[in-house]
Amino acid sequence: MQFVRIVNLIFLLSLPLTLWAQQFATIRGTVTTSDGNPAEAVTVSLKSKGQGAITNASGSYIINRVKEGTYTVQVSAIGLRTTEKNVTVTPGETATLDFVLSENTAQLQEVIVSSGRINRFARTSSDYVSKMPLKNLENPQVYNTIGKELLTEQLVFSVDDAMRNAPGVQRMWEATGRGGDGGSYYSSRGFIVQSQLRNGLAGNVTSDIDAVNLEKLESIKGPSATLFGSSLTSYGGLINRVTKKPYETFGGEVALSAGNYDFQRASIDVNTPITKSRTLMLRVNTAFTHQGTFQTNGFSRNFALAPSLLYKPNDRLSILLDAEIYRSENVGKQIIFFYVPGYTLGANRVDQLNLDYRNSYMGGGLRQQSRSTNLFCQVNYQISPSFTSSTNISSSHSFSNGFGPYFYLIPDGKTLGTNLLIRADQSTRNSMSDVLEIQQLFNGDFTLGSLRNRIVLGLDYLHVNANQLFFGSTYDTVPITNGYDYSQFNGTNQTALYASKAPDFSYPVTGIRNTSSVFLSDVLNLTDQLSVLAALRVDHFTNKGGTEGQAVTGYDQTAFSPKFGIVYQPVKDKVSLFANYQNSFANRGIYNAYDVTDADSLVQRFAKLEQANQFEAGVKLNAFSGRLTTTISYYDIQVKNLLRTDPNPPAAARFAQTQDGTQASRGIEVDVVTNPFAGFNVVAGFSYNDSKLINADVDVVGRRPTTASSPILANLWLSYRLPDYVAKGLGFGFGGNYASDNKIQNSISLGELILPAYTVLNASAFYDQRKFRISAKVDNLTNQYYWIGYTTMNPQKLRSFVGSVSYKF
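For the sequence shown, the positions run -21 to -1, 1 to 788 when mature numbering (1 follows the signal peptide of the UniProt record, and there is no 0) is used.
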């Protein structure tokens, strides 16, 4: 009896839910392609009703809670023909409605991938990484690509912010604007690198690099001198900016953005055909950005103009003319140096120092003006169906003039933890650097017997002319005290200082360096699933002499740089196993060595080539119909012929050097770009780097270099775009970056001084329609205090907000 009562009670309680459910109908079914396969990621919706679903991997869909009535059910996706059927439903009914698309499986896959409906943040090929068109799965080298789609969603305006999406890369310094070397510094695989290449050629910008003309960024990993030379790359790799190109129709976008810290920005992207035949096309990208500071003084103003003219008189010939014009004025961001052991400052972590995070410790007017002008020409010609020619010329000019504030933290010598701040400058006066690169590429794709060959033969000439002047003086030494007036260190007083006296130091950098190279690379398919890569560069370097603080003796040096790789695809176009050997080198010129035959003198010696050799192996995936792209690798970089202090005591006393230093940098990197279900996209990366000085000065042997950045880095971005039938164009993003402790002092004599680990979180929201886009972001959600540094401590921006409105035409 008790059991019957319980059953009746459950029945009575569930009756309203059952009656409520019976007020609605359900529509379900499957969608297949014209060749009978399931059609995944296709939208099935009730026309004009805001209800719908997206088909799963089996092509099935279900639309619940449909009210009684007659509906038009439509199947649609960007690039597909829309299919419609009518259906009438009554309460409690389940109607089955199946659809057959006019497209086959291959056509559907091509449309969905190209429209970005699946894994829209993934880029699976590159024309630049290997100087030839090559899919990522076919390439034995590791690289990460950051596309404009991700930058748009994150509301990213600069290369600096874009690079937070590159696994294993950490920014070390912001751009200073100084002519020649003023661009941002990053660390990759334990080595310093700058963004100095544009479309595979020299294209340095010494101020903040605007993303207004950026199609994508390529972070190319490991020693890469074989194809890119050694002057613009590092042992950790290189950063290549791929720019937007003109296209045949009229279109563009105008955007206005604003935020806290006096952030203001306007940008324009306009493209138009000039001739009716659409053989001549022009695209212009331009932006103006003003940014204040979270500290008491500081600002930056940047103007970028990037016109691009494309002429295609026929299917075989194209001529592309580009320019990048940057004008910048800024007050240098705070950089604090340490020339005393951290423990004498009363701390071994910079967050324990008694510094006010929001105080710039300077007045106004310490301004610097910088200019970068880059000009490019590319002529592509189809010689035959199997061979192409590409002639490329780039010219880069940078200039800077003005003050660069520097700070040095020292103890007061009385009370541990009570410190003083030396305020000084390292400034430039009419500093200039010119770079000219001429590169001729011949590409071929042909078969010899049954073996497919994809080759590139390159001729390269690089000319660098430096005419820089760095100078500086100490202004004063001040206490670190609340309420102290720090405004006296300003532009007016610093100008007066140099009117009354010469600088404490001057450091001219002048000279001409020429590099002439030839390289050959071949990707040989032994089978459809197995390919090998072999490449070699012959590089002749000439330093014509000049000054680097003191006179530099000219010299010539020839280098050979090989590269090998192997790729096996156990599942064709889905899984590849790869391994590579990569090389790079550096010309170190003349050094002073100890002369054992004359203890009272030093002898100049010609340095051998410094060499870096990398062995790497891993796996790449492009699986689940493109929903998952992944690269996982382990690398081992060995550097030899490093200059170091001669350990022989008499030699060390005279600052003599020897060239037997070695360094090892090993680690793992993981890059994941995935679309686990419709509308949801993930970009994630992880890296661990173990870098050590092996044969080195006793003070640092076995320790991590202070320029190697944090050993553990991670990045994550989660993106969800609501289905069109719910709220078309509405989406949200969330993610951030983690970096472990970074030792900026790490020696026996100085001890350890640490930039603490940090986790910085960011978020965005957007409403994207065909004609307009409204978006907003918050960076550093938790208002984290954190520092980066290239042996320095550089405080980073606190919580910031930006809103943006754009009109598309």
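Glycine included, every Cβ here is placed at the ideal spot set by N, Cα and C.
Go ahead and pull the three-state DSSP assignment for residue i.
i     : result
T11   : strand
N144  : helix
T323  : helix
D241  : coil
E47   : coil
F207  : helix
D579  : coil
D187  : coil
T275  : coil
P735  : coil
A(-1) : Model confidence at A(-1) stands at a pLDDT of 45, short of 50, so the residue's coordinates are unreliable and nothing is read from them.
G470  : helix
K776  : coil
D160  : coil
S27   : coil
Y454  : strand
L334  : coil
Between residue i and the rest of its own chain, which residues show a CB-CB distance below 6 Å, the 5 nearest in sequence each way excluded?
i    : result
P487 : L448, T526
A657 : A20, I33
G230 : N250
I491 : N444, K523
F65  : Phe is not the amino acid found at residue 65; the sequence shown has Asn there. Correct list, in chain order: T51.
G8   : T75, L76, D77
S580 : D574
R372 : Looking at the sequence provided, one finds Ile at residue 372 rather than Arg. Contacts found: C356, I417.
K776 : F273
D391 : T397, L399
Y786 : V233, F751
A285 : N192, N264, E303
Tell me, to the nearest whole angstrom, how far the beta carbon of residue i is from that of residue j; I am working on the premise that it is less than 8 Å.
i    : j    : result
F711 : A744 : 5 Å
S351 : Y305 : 4 Å
E47  : A4   : 7 Å
V781 : G238 : 4 Å
N694 : P202 : That belief does not hold up - the Cβ atoms of N694 and P202 are roughly 23 Å apart, past 8 Å.
N219 : L176 : 5 Å
R402 : F316 : Between F316 and R402 the Cβ distance is about 12 Å, and since that is not below 8 Å, they are no contact.
If you draw a straight line from the C-alpha of residue i to the C-alpha of residue j, how long is it?
i           : j    : result
S213        : G423 : 28 Å
D14         : A85  : 10 Å
Q724        : L732 : 5 Å
V184        : V148 : 19 Å
N123        : L512 : 20 Å
residue 796 : Y465 : Residue 796 is absent from the model: the chain starts at -21 and stops at 788.
S726        : V679 : 5 Å
D669        : V54  : 52 Å
R102        : S719 : 29 Å
T205        : N566 : 15 Å
A478        : T471 : 11 Å
S412        : G161 : 11 Å
S163        : S297 : 33 Å
V582        : A631 : 14 Å
N773        : N446 : 28 Å
A302        : L130 : 22 Å
V329        : W766 : 8 Å
P252        : L300 : 15 Å
P292        : S369 : 16 Å
T49         : L113 : 51 Å
Enumerate in chain order the residues of its own chain whose CB-to-CB distance from residue i is below 7 Å, with the five nearest sequence positions on each side excluded.
i    : result
G715 : L695, T738, V739, L740, N741
F788 : G230, G231
L697 : V661, G712, F713, G714
T610 : V121, G597, K599, D650
With a threshold of 8 Å between beta-carbons, can residue i be considered close to chain B, or not?
i   : result
V21 : Given the protein chain composition of this structure (a single chain), no chain B is represented.
Would the C-beta of residue i count as close to the ligand ZN, meaning under 7 Å from any of its heavy atoms?
i    : result
S688 : Of ligands this structure carries none, so the ligand ZN is not represented either.
Please go through the same chain and pick out, in chain order, the residues whose beta-carbon is closer than 8 Å to the beta-carbon of residue i, but skip the five residues on each side of it.
i    : result
I569 : V531, T532, Y534, Q583, R584, F585, A586
P702 : T22, G31, A32, I33, A657, G658
The region 308 to 318 touching the region 338 to 354, judged by at least three CB pairs closer than 8 Å: yes
Inter-stretch contact at 8 Å, needing at least 3 Cβ pairs: the region 68 to 83 / the region 638 to 655: no
Cβ pair count under 8 Å reaching 3, the region 379 to 394 against the region 421 to 433: no
Contact between the region 538 to 555 and the region 572 to 585 (3+ Cβ pairs under 8 Å): no
At least three beta-carbon pairs within less than 8 Å, the region 173 to 187 to the region 143 to 159: yes
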